[in-house]
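Take a look at the structure set out below.
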Amino acid sequence: VLGVDMINKAKSGHPGIVLGAAPILYTLFTRFINIDPENPEWWNRDRFILSAGHGSALLYALYHLCGYAISMDDLKSFRQLGSLTPGHPEYRHTPGVEMTTGPLGQGIATACGMAFAQNFMSERFDKTSYPICNHKTYVLCGDGDLQEGIAQEAMSLAGHLKLDNLVLLYDSNDIQLDGPVALDNTENVKQKTEAMGWKYFFVADGNDVEEIASAIELANKTEGPVIIEIKTKIGFGAPNEGTNAVHGAPIGEENAKLLRDALDYHNEPFVVDKSVYDFFLHSVKERGVIAEVKWSHLFDGYAHDYPELCAEYEKFNYNSYEINKAKHPTWEVGQIESTRKIVGKLIDFYSIDLPNIVGGSADLTPSTFVHGANGDYEASNRVGRNIKFGVREHAMGAMINGINLHGGLRGFCAGFFVFSDYMKPAIRQAAIMGIPSIFIFSHDSVCVGEDGPTHQPIEHFAMFRSIPNLNVIRPADAHEAIGACSIAFESKTTPTIITTSRQGLPVLKRTDEELVKKGAYVVYDPNVELDGILISCGSELAIALDTAAELQKYNINVRVVSMPSMFLFDMQPAEYKESVLPSNVKKRLAIEMGASMPWYKYASNVFGIDRFGVSAPIKHIHEYFGFTQSDVDLILNCLLYTSDAADE
């Protein structure tokens, strides 16, 4: 009823799940989940994910009663500007919210990543007498969540890996926004999930808290992931219960009165009896505090008996490792190697100094050269740091987010840049949540060659560079790749995309790993009055440098700027940006083998590719699209000998 009052006051929201799923979360929180609302970051807390994020009013009402720092005034401000209770749960905004949810399926997949992290940490650090990492990950989902492909991918992998301590509470009410679920979905959930390696339990009455409690208790004793299908009635108690009409619109004041009559609950809106607060204080908050105190005593004993392991556990959780740069791999100027191989070698090196990094590729390890250390993660090897995701890019991105959200581990993953299309929602989620997930994409241009347009990224840089709080780095050689990896693993609140080349690239003389942190820097300058500026990144930077050197023979003085990260360059002070791209030099040409759109922010002329690719050997690719030194010479000469007025 409190959730319904919030929705009515806001004149917006989803009352159906609030009324239908309330007994599920009531049972979970008052009997099972271990949390401390005054210490939401307690390491061994149970994680709860509201994958059906549209049910946020239920979550906020519950968290208010549990004692999180969410006041009644916050509930009254539901969905309002600046409110602590936004329309969908937001990580790092509302106390107790473990991840930002709303896009259906993301919560399930991300929770699978959290469960992975818990399983890894438990195997790595727990001792028989000291189970210091034995918490659960609980998820509430609806029919829509399970229809999303990302959820199916993640559940398939979680079942294969036999992830323990993962319980999916399925609010099965047979209704979605368009009407009955049977109109578009008739699969057998039991058979399907069991085939994926999940244990399946069924609760016939979603209002029977004892039946729900028995199922959760059984799930908590079961090895591997568990799904509990709980049959509920959407909008229970409301006049339009059991219909899609109650899914996503306020029921209104008159219907709220009828709801109160149906439930025999007659408090005025936003009035909660003290006995209710007392009950939640005892059954949730105090119980959670007792669990935390017991865990603290257990941890003290662990620290005494296993001091070295305890110190390592704390370093994992605080992510307090540093790279020994004195032992960093090096590459000689002129040495030719693809940046995909270079980044792969760097990840191998980082894995030595950073024992808490885990990751893998989407069935592309021989092509991306990116993998984790210590063998493959399997049910029989839960400390393997290489995750074989299979061809599951959707799940891979979200699970890496879950690993990073859980804490203790840093997650990275890899694939072909063109298939980042499948991962865009998870990457966007990472940017919204402000978590440092690392996404490494090889084959970053049409130089993929013979595989043709389906495998050749064109619009992808434009897409990802437009996402707020996402650092896209395209290194030109080994020096810049070193800088890119350093930035990615040192990041705290920003996810990073590093793109790498399929083809071999020369290590350039003037590139600088430290200056990558500036986003852009002068890599070649004639040190005289400039006729123009060339701006580039990645494999095209070498072409720009060769062009500038050739033009100088004819007394045409062109500066070359390497811009591996627009995101980082835009963060620099105005003085620095002016020093790199002086405003009085109007004639600028940006060069990249991809969509031209992002570059017009820095240059009024762009040499890019605004069409799909072709299948051809790489040498013909360069010629076909005009990305040779002579082509760029011609274009730049035309630009330089055009009047400023015509140029503008």
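By my numbering, the letter at position 493 of the sequence shown is numbered 495, and the numbering carries on one by one without gaps.
Every residue, glycine too, gets a C-beta built ideally from N, C-alpha and C.
Judged by DSSP secondary structure, LYS201 falls within the beta strand (DSSP E) whose first and last residues are 201–205. The beta carbons of GLY109 and ASP147 sit closer together than 8 angstroms. Between PRO42 and GLY98, the C-beta gap is smaller than 8 angstroms, which places the two residues in contact. Beta-bridge partners assigned by DSSP to LEU536: VAL562 and LEU591. TYR279 is bridged by DSSP to nothing; it lacks a bridge partner. Partner residues in the beta bridge of ASN607, as assigned by DSSP, are LEU591. When VAL634, ILE229 and LEU83 are compared, the shortest CA-CA separation from SER538 is found for VAL634.
The beta-carbon separation of LEU543 and SER564, rounded to 5 angstroms, stays under the 8 angstroms limit for a contact. Scanning the segment 286–344 for uninterrupted alpha helix (DSSP H) segments of 4 residues or longer gives 289–307 and 309–320, listed from N- to C-terminal end. Note on geometry: alpha-carbon atoms of PRO477 and LEU77 lie some 47 angstroms from one another. The three-state reading of DSSP puts SER369 in helix, counting H, G and I together.
Take the alpha-carbon of LEU636 and the one of LYS511: they are about 25 angstroms apart. By the neighbour-count criterion, in which 16 or more other beta carbons inside 10 Å mark a residue as buried, MET101 falls on the buried side. The alpha-carbon separation between SER131 and HIS306 amounts to approximately 13 angstroms.
Secondary structure of GLN554 (DSSP, three-state): helix. Take ILE558, set aside five residues on each side of it, and the residues of its chain with a beta-carbon closer than 7 angstroms to its own are ASP533 and LEU642, in chain order. Distance from the Cα of ALA206 is smallest, within the candidate group GLU231, PHE466 and TYR604, for GLU231. In this structure, ILE499 is the residue among ASP263, THR341, ILE499 and LEU52 with its C-alpha nearest to the C-alpha of GLY399. Contact between HIS137 and ARG47 holds: their C-beta atoms lie close to 6 angstroms from each other, under 8 angstroms. At the C-beta level, ALA221 and VAL274 stay beyond 8 angstroms of one another. Each residue's CA atom was taken as its position, placing HIS457 and TRP45 some 42 angstroms apart. The beta carbon of ARG467 lies closer than 8 angstroms to those of VAL474, MET568, PHE569 and PRO600 in the same chain, with the five residues before and after it left out. By the neighbour-count criterion, in which 16 or more other beta carbons inside 10 Å mark a residue as buried, THR188 falls on the exposed side. Residue pairing by DSSP puts PHE418 in a beta bridge opposite SER444. In the three-state DSSP reduction, GLY506 falls in the coil class, being neither helix nor strand. Apart from the 5 residues on each side of it in sequence, GLU452 sits with its Cβ closer than 6 angstroms to the Cβ of SER617 in its chain, given in chain order.
According to the DSSP assignment, PHE122 belongs to the alpha helix (DSSP H) that extends over 108–127. Under the three-state reduction of DSSP output, GLU542 falls in the helix class.
The three-state secondary structure of GLU231, taken from DSSP, is strand. Taking C-beta separations shorter than 7 angstroms and ignoring five residues to either side along the sequence, the partners of MET116 in its chain run ARG49, THR139, GLY404, LEU407 and HIS408, following chain order. In the DSSP assignment, LEU171 falls within the unbroken beta strand (DSSP E) covering 168–174. Minimum Cα-Cα distance from ILE338 among the listed residues PRO470, ASP479, LEU300 and MET435 corresponds to ASP479. Nearest in C-alpha terms to CYS415, of all of LYS233, ASP572 and GLY346, is GLY346. A contact is defined here as three or more CB-CB pairs under 8 angstroms, and the segment 356–365 meets this definition with respect to the segment 383–391. DSSP lists ILE359 as the bridge partner or partners of ARG412.
Our two residues, GLU314 and PRO331, have alpha carbons roughly 26 angstroms apart in a direct line.
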